[in-house]
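**Student:** I'd like to ask you about the structure that follows.
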Amino acid sequence: VTMMLVEQNAAVALDLADHGYVMELGRIVMADTAEKLAASEDIQSFYLGHANEGARGERRWKKRKTWR
7 VTMMLVEQNA
17 AVALDLADHG
27 YVMELGRIVM
37 ADTAEKLAAS
47 EDIQSFYLGH
57 ANEGARGERR
67 WKKRKTWR
């Protein structure tokens with residue numbers, strides 16, 4: 007059975023899911039297993055609150071996104 011879960015709490019969503027997609031501005035920017043997404047440095051920084059900067063720091067995706 008396939009189910010679509012839309013959840014703002016990334017930790018909860020990744021805990022429940024087998025596979026995940028990260029969308030930004032209506033486009034998929036990452037897709038992988040939930041385990042690999044949870045281990046991703048970008049996901050940890052942007053969505054799980056494990057950033058190395060202070061509260062005022064701003065980060066962008068390390069990898070340039072290209073839309074095709």
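Those letters in the sequence shown? Residues 7 to 74, per the numbering used here, in order.
By construction, the Cβ of each residue, glycine as well, lies at the ideal position given by its N, Cα and C atoms.
Fair warning: this is a prediction, and the values are worked out from it, not measured in the lab.
1. Where M29 and V7 are concerned, what is the direct C-alpha to C-alpha distance, given to the nearest angstrom?
2. Give the DSSP-derived three-state secondary structure of D5 in the structure shown.
3. Return the first residue and the last residue of the beta strand (DSSP E) that V12 is part of.
**Tutor:** By the coordinates alone:
1. 22 Å
2. Beyond the ends of the chain as shown, which are 7 and 74, falls residue 5; an answer cannot be given.
3. Here V12 belongs to no beta strand (DSSP E), and DSSP marks it neither H nor E.
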